[in-house]
Every structure is written in C-alpha cells, then in structure tokens.
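Taking our numbering, I'd label the letters of the sequence shown as residues 24 to 168. I have placed the structure first, in the form of structure tokens, so that the comments after it can refer back to it.
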Amino acid sequence: MMSAQHGISRGSDFSRTLKRGVRTSTRDLVVSVAVVPSVWPDPSGRRTQVAMSGGPWLGLIVSKSVGPAVVRHRVARRLRAAFRDVRGRVPATETFVVVRALPGAAHRSSDELADQLREVMGRKRVRQLAARSAGVDVAGAGVSA
C-alpha cells in the first residue's frame, strides 16, 4: 500500500499541478504532471515550502461521473496500485502527478488501468519534463545536465 506521505492532499497543490503541469490523456485517464520547485508561491503571495523527499506524489480525482462510491473507491485503489509500479520510472523526486479518472475507468481491469498509466508516464513530453528538472539526459529529450 502507498503511504499517505506520497499523496497530494492540499487543494492548492492539485490546482497548481493541473494549471502548470503537462497534460496528457488516454481513453480512461487524464494525467497532469508538474515538477515543483522547493518553494511555490501560494495565491496570497506568500511562498510555501514544498517537501522534496520521497516523491513523486500522486493525486487522484475520481468524480461521481465514474460511478457510485464503491466503484469510485475501487478505481482509486487500482490507480494507486498502478502508480506504485510506475513511481520508479519517474526520474525526478519533486514531481506531482494528478490522475483524473474518466467514466470509462469504472469498466477497466487493474491491468488495463496500469497499462494506460504506464503509457502516459512513458510519453516523451512527460519524460522530458521530469528529466529537465532532474538534469538527466533522456533519449530523444534533448536534455542534458
């Protein structure tokens, strides 16, 4: 099970990731990925310290359009399990990942959702974003330290 420390819980972190992150999607998922600086300005103009250890962090948006509570929780559990497998592939530890489940996610198996999440996290745009912040050279990304 993924610990709570790896989850995005503040609304401001969700908002920033959705607004400033790279967005990509599959049939059943919309994923936003943002690399966060150690200090982020909050809406009031103050600078908020962001913890930088133990990332990347996952935030889930599973709305009522996905189904009743039992179905939404099942989808969320499946996505958390899939993210555990993908975490090691994200080069930057200071990465926020927000996954929005679309209604079709309710009808997908754990393996299908995991495949979709792996596909999204393996896309060139996402790899470039994470590599840029980590100073890692990614094949085809044109990024170097």
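Positions of the beta carbon are idealized from the N, C-alpha and C atoms, including for glycine.
- Residue state for Ser-48 is assigned as strand, using DSSP reduced to three classes.
- For Gly-34, the uninterrupted alpha helix (DSSP H) segment begins and ends at 34-43.
- Only exposed fits Ser-48, as fewer than 16 other CB atoms lie within 10 angstroms of its CB.
- The continuous alpha helix (DSSP H) containing Val-94 extends over residues 92-109.
- In the structure shown, Ser-55 falls within a strand segment according to DSSP collapsed to helix, strand and coil.
- When DSSP states are grouped into helix, strand and coil, Val-120 belongs to the strand group.
- Boundaries of the alpha helix (DSSP H) around Val-143: 133-144.
- Here Val-89 has Arg-95, Val-98, Ala-124, Pro-126, Ala-128, Ala-129 as same chain residues with Cβ atoms under 7 Å from its own Cβ, once five neighbours each way along the sequence are excluded.
- In the DSSP assignment, Leu-83 is bridged to Val-122.
- Within a 10 Å sphere around the beta-carbon of Gly-145 sit fewer than 16 other beta-carbons, which makes this residue exposed.
- Excluding the 5 residues flanking it on each side, Ala-137 has same chain C-beta neighbours closer than 7 Å at Ala-105, Asp-108, in chain order.
- Rounded to whole angstroms, Arg-46 and Phe-37 show a C-alpha spacing of 13 Å.
- Rounded to whole angstroms, the Cβ separation of Val-143 and Ser-55 is 10 Å, and the two are not in contact under 8 Å.
- Put simply, the backbone Cα of Arg-101 is about 5 Å away from that of Ser-133.
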